[in-house]
Each structure stands twice: as C-alpha cells, then as structure tokens.
Amino acid sequence: MTAALYTGRAMLRTAVLERGFPGGELLNTEYLDDVIGFPKILGYELAEKFAAHAKQFGAEFFETTGVTSVTKMDDGYFHTETDKAEIFRSPAVIVTAGGTPIKLGVPGELEYAGKGVSYCAICDAAFFKQQIVAVVGGGDAACEEADFLTRYATKVYLIHRRHEFRASTILQKHIFDNPKIEVIWDTIVERVDGDPQEGMKGLRLHNLVTNERKFLAANGLFIFIGFRPNTGVIAGHFDHDVMGYVLTDAAMMSSIPGLFIAGDLRAQLTRQVTTASGDATTAAIAADKYISRFKEMEREGSNEAVREALEASHISGGGYT
Ligand SMILES: Cc1cc2nc3c(=O)[nH]c(=O)nc-3n(C[C@H](O)[C@H](O)[C@H](O)COP(=O)(O)OP(=O)(O)OC[C@H]3O[C@@H](n4cnc5c(N)ncnc54)[C@H](O)[C@@H]3O)c2cc1C
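The working numbering numbers the first residue of the sequence shown as 30 and each following residue consecutively.
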C-alpha cells in the first residue's frame, strides 16, 4: 500500500492486486506498538488507514484477485495474470506478496493466534511483560527470539522436538547461559489450551522419548519453525538467497529488470511494517524512474534497445537514486 501511495503520487496508473482484504499480516496482528506515530493500534485499523491513504492518491484496488503469475514478455512489458484470467500489462511490477510462517498444525493454534500464539517476537514480546511464554523451534530464529523474549517475560520455555539445536553455537550459548530460559527437549506441542475470551492458558506437551504427556501453563506461545516466502507468482529465473527470499539491488529491483520487490518477500535482516514500508517507498520511486526511461526509449526506437539499456542500468545500479 505504501508502494501504491508513491506510484499514485507519481501520477502512474496503479493497480493493487490483492487476494484478500488489504493488510496482509497486519490482519493477523492484534495490537502493534512499534509503528512510529501509532503508540498502540489494532492491526486491522492500521491496514484500513494504509488502504485509505493509498486510495487518496488514486491507487485502484482489485480486491479478491489472486495473482497467478508475473511474466516478463519479449517486448519488455510484464503480464500479470490473475485467477479470474485477467491480464494486467505494465512496464514495471512491484511484488509485495510477503511470506507465510509455517504453522505447527495443532488444535488451538489458529484459535489463539493473536490471543497468545504469535509468529513474531520482536512484534509481540512487549505484550508478555512479567508473564510466562513458550517458544517452539530449534534453529537460529527460535534461539534468538527466546533470548529476546526474556527481556519481557519472567520465564521462557524453549520446546524442541529433538535433543540438540540446529542453531549456531553462539546462539545456543546465549540460551544455556540465560537463567530465565528452560529447554524442554524431545517434546512436541499437541494442543494449545485456553479460554476463548481470556486467551491462551497453556500447552499440552508430549515427550517423544519417555512418552509422558503433561500440561504446561503459559500465557504465550511463539512458533519459529520456518517461514516461506511467497515467490510462487514470479515466472522465470530470479536471484534469491538460500531461504528463497528475493535478492534485490539498493533500488529494490530484482535480477529481472522492471520487477521490484518490497517487504517480507525481500532478502534482508528485518521484517517489520516500517521496513516493508521503507522498501516500498524506494521500490515505487525507482519504478517511476524505470518507467520514465522505459517510455523514453520506447518512443525513441526499438524494444531491443529498451531492454538492453534498462538491463545495463540494473547491472551498474545507476540511475535510480
Ligand atoms: C503475527 C505477526 C505479528 C506481527 N506484528 C508486527 C508488529 O507488531 N510490528 C511490526 O512492525 N511488524 C509486525 N509483523 C510483521 C509485519 O506484519 C510484516 O513485516 C509486514 O506485514 C510485511 O508486509 P508485506 O506487505 O511485505 O507482506 P504481508 O503483510 O505478508 O502482505 C502480503 C500480501 O500479499 C498478498 N498476496 C500474497 N500472494 C498473493 C497472490 N498470489 N495474489 C494476490 N495477493 C497476494 C497477501 O494476501 C497479503 O495481503 C508481524 C507479523 C506477524 C506474522
């Protein structure tokens, strides 16, 4: 929506193709308290404000339109196809399809999402001040976030289905040195328990080695068992990191010239509302400049020239600041 705001302000005809209600992960977030200017705001309220603001600058929202593919054609234009068989033709596309946290798939997980169950410690840790929380996972993210959660929680249980972590040695050391963290090995979560009005109350655990089952009282559950970038719509080869996130240059352009990426889909250190918004600002301004040059060259002559020149500008990184 930030990208649409900026391309709208640049007087570019902007189509926002969204398969659900606009808002993405904001709609799965109860309160946010870390978006500058909004000390405490409901996720859906912020989403509505973003959408209204983007529309104010002329962005056209095509809600409930799932994108099936974004393909660069031989003439340099993109064809963005939807599940309603519509094709949107444009010289540039900004993809902000985000990612999907991998779910545990146990009863109660979805029921208590936002009412105790979370997939983002940086976002939600502050809501668990002086409370007891559990973390599931055994990789870098789980260990890093368990350590971070001890800044707020009185006690953090780190539940792992195996008897050793995959996390780096230094992160494991932080876990073992932290007196607030207790590791529960060889154990899986079987269900999340609670009260629909009051929120989560605890977890049913199953020790895979001893076969023991027990209830663990906890106010929160943070799940870090992986995150899948939603890159499925991008047709053709694009550069990505080992986790599948799309690599871009400083102008947010992918290895496919004219295809810009912003937010959680992009390979980067942090995935927050403000960083997604920042990426989108850059992507939109860069896309505007890209389209101006594309049109200029198209007016001047051959499509081949358009492609070559724009591809060269991508490689040199020039022309976008
Ligand atoms: C539980 C949770 C709590 C969080 N809390 C905070 C917080 O407190 N503060 C904070 O700063 N950040 C928070 N975050 C992170 C923040 O929500 C994300 O960083 C941010 O939403 C990323 O925005 P995005 O636009 O890149 O992706 P998303 O928000 O994931 O949006 C992607 C959008 O693309 C759409 N889409 C995907 N594929 C298609 C398709 N094929 N066709 C059409 N549409 C498609 C989706 O429907 C979705 O609307 C939280 C994340 C989670 C999961």
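Heads up, the beta-carbon is just placed ideally off N, CA and C, and yes, glycines get one too. Please read all numbers here as calculations on a predicted model, not as lab measurements.
Near ligand 1: residue i beta-carbon under 7 Å from a heavy atom
i	result
residue 296	no
residue 166	no
residue 277	no
residue 145	no
residue 126	yes
residue 270	no
residue 47	yes
residue 288	no
residue 307	no
residue 148	yes
residue 120	no
residue 55	yes
Neighbour-count burial assignment, residue i, 16 or more Cβ in a 10 Å radius
i	result
residue 43	buried
residue 40	exposed
residue 45	buried
residue 61	buried
residue 30	buried
residue 308	buried
residue 248	buried
residue 142	buried
residue 104	exposed
residue 35	buried
residue 246	exposed
residue 136	exposed
residue 123	buried
Bridge-paired residues (DSSP) for residue i
i	result
residue 207	Looking at the DSSP assignment, residue 207 forms no beta bridge with any residue, so it has no partner.
residue 82	Per DSSP, none; premise fails for residue 82.
residue 62	For residue 62, which the question treats as bridged, DSSP gives no partner whatsoever.
residue 236	216
residue 110	98 and 116
residue 186	163 and 211
residue 147	251
residue 129	257
residue 142	146
residue 243	234
residue 263	99
residue 71	60
Residue i beta carbon near ligand 2 (any heavy atom closer than 7 Å)
i	result
residue 68	Within the structure as shown, ligand 2 is missing, the only ligands being ligand 1.
Beta strand (DSSP E) segments (min. 3 residues) lying fully within the segment 267-296: 288-290
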